[in-house]
Every structure is written in C-alpha cells, then in structure tokens.
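In the numbering used here, the protein residues as written are 409 to 644.
Where is the CB? At the ideal position from N, CA and C, for every residue including glycine.
Since the model is a prediction, treat every value here as computed from it, not as a measurement.
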C-alpha cells in the first residue's frame, strides 16, 4: 500500500499537515513541511538556550523544515527503488528532527514525523515514545494516536493497538485508517459489541477498497451473529 499526503496553507513557518498513509496493514500518518527555507544549520541549537521559549519554538520549527525536506527526498528515493539512498536520507532526517527537538521539544508535528521515520527503520520503541509526545502535545489530532496504534499492531499487541485506535476515533470518529485498525484489532481479540457493529457500518460507508469492504462485511456478519447469540442466551 502507499502513503498519501495532503496539505494546509503555509502561515509564517510553513507546515504541511498530511493525510494518513498506509504502511503495511493500517495507516501511518506523517506531517511533512515544505522546504521554504535553506541553509539551516545546527547553530540554532547553540543559540536556543539564550532565546525565549517562543523564539526557541520558532527556531525549532524552522529547523524542522530541513528535516522535512530530507524526509521527502528519502520518500522519493524509495519510490524510485534506490533503497540505499532512501535509508541514508531517512537516517539523516531522523537526526535533523532530533536537532530541531533539542531546540524546542514542543513541536508535535516534528515528534510525529520522527516517529514515522523511526517506524520505517523498525525502531518501534523509540517510535512509540515519539508518538506519545505528539499525542500529549496535539490533543485533537487523531494521527499520532493512529500511528501509536500501528506500532502496537505491528509488534503483536492487539489490545494496546485497539486502545490507541479508539483514542484516534474519539478525536475523529470517521477516520478511515483508525476504523480499519480498530476493527481489525477487535477481530483479532475476538471482540464484537454494538459499538463495534456501528464502526463497521461507518467503515462500510467510507471504504472504497474492495478487499477491506469484504473484510468489513464478514465482520458485520460475525458481530451480528455474536449479538444475536447473546440475546438468545439472555432469553433462555
């Protein structure tokens, strides 16, 4: 599956807030920023301790533009099949995001993007930490929750995955990638109640991929059968 991106307009420090992407089974959401500036250096880190919190935040976001540009180059290299170049650029982008976060650690999009890159490197523990910071710093954005759900899903912890997919859906009930993750996790855990059935119904209204639609239809039948069985037993 592919990673898809969407953007918001640049304001002051330009930022692009992406769509959820799909990596493996579920979605992996990145927040990429355009390279609106050039010549950014680590001198920001040296000056940051002398600046006010607001100035450090601005410097950190400015520095993260460089990381975003490098991450975009890595994605392009991977797309054309140059995996060695993609890995090199991805490692460079990770260090650049860390440099930006050393300037100011209150940049949720940088934490999320760092987590995305660490996920690509299969550094799941560090990715989970990065997504956790992003979750705390952006309390209405479903994407870091969705990404942390993916971390747990990919490492075989379906119950924890469901917890964070649920958090993503609390923030946006119609988030398709989170719906996919939550429904799949509930399936793996053998769960199925009225809330799960409602999610399957919503997912069927949003989903266009035929393979996912077939899975949701099977889940619809499974959950309805489970609920009917419970009602039958309650009457007896």
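Asked, Found
"Span of the alpha helix (DSSP H), counted from its first residue to its last, around residue 628", "618–643"
"CB contact flag (residue 556, residue 538, <7 Å)", "no"
"Option nearest residue 585 by Cα separation, candidates 561, 637 and 533", "561"
"As assigned by DSSP and simplified to three states, the class of residue 508", "helix"
"Pairwise C-alpha distance: residue 634 and residue 613", "22 Å"
"Every unbroken alpha helix (DSSP H) within the region 526–586, with a cutoff of 4 residues, ordered by chain", "532–545, 551–562 and 566–579"
"Per-residue burial, residue 640 [other beta carbons within 10 Å of its own, 16 or more giving buried]", "exposed"
"Same chain only: Cβ atoms within 7 Å of residue 504, ignoring 5 sequence neighbours per side", "474, 475 and 478"
"Beta-carbon proximity of residue 468 to residue 512, cut-off 7 Å", "yes"
"CA-to-CA distance, residue 582 to residue 482, given in whole angstroms", "30 Å"
"Option nearest residue 550 by Cα separation, candidates 622, 544, 579 and 598", "579"
"Cα-Cα separation, residue 497 to residue 491", "10 Å"
"Exposed unless 16 or more other CB atoms sit within 10 angstroms - verdict on residue 619", "exposed"
"Beta carbon of residue 572 nearer than 7 Å to that of residue 553", "yes"
"Straight-line gap, residue 544 to residue 576 (C-alpha atoms, nearest Å)", "13 Å"
"Residue 433 - DSSP class collapsed to helix/strand/coil", "Any reading at residue 433 is ruled out, since the residue's pLDDT is 38, under 50, leaving its predicted position unreliable."
"Interface flag, residue 622 vs chain C, CB-CB below 7 Å", "You won't find chain C in this structure, because it holds only one protein chain."
"Spatial distance of residue 589 from residue 632 (CA atoms)", "20 Å"
"Cutoff 8 Å; reference residue 597; Cβ partners in own chain excluding five residues on either side", "566, 567 and 570"
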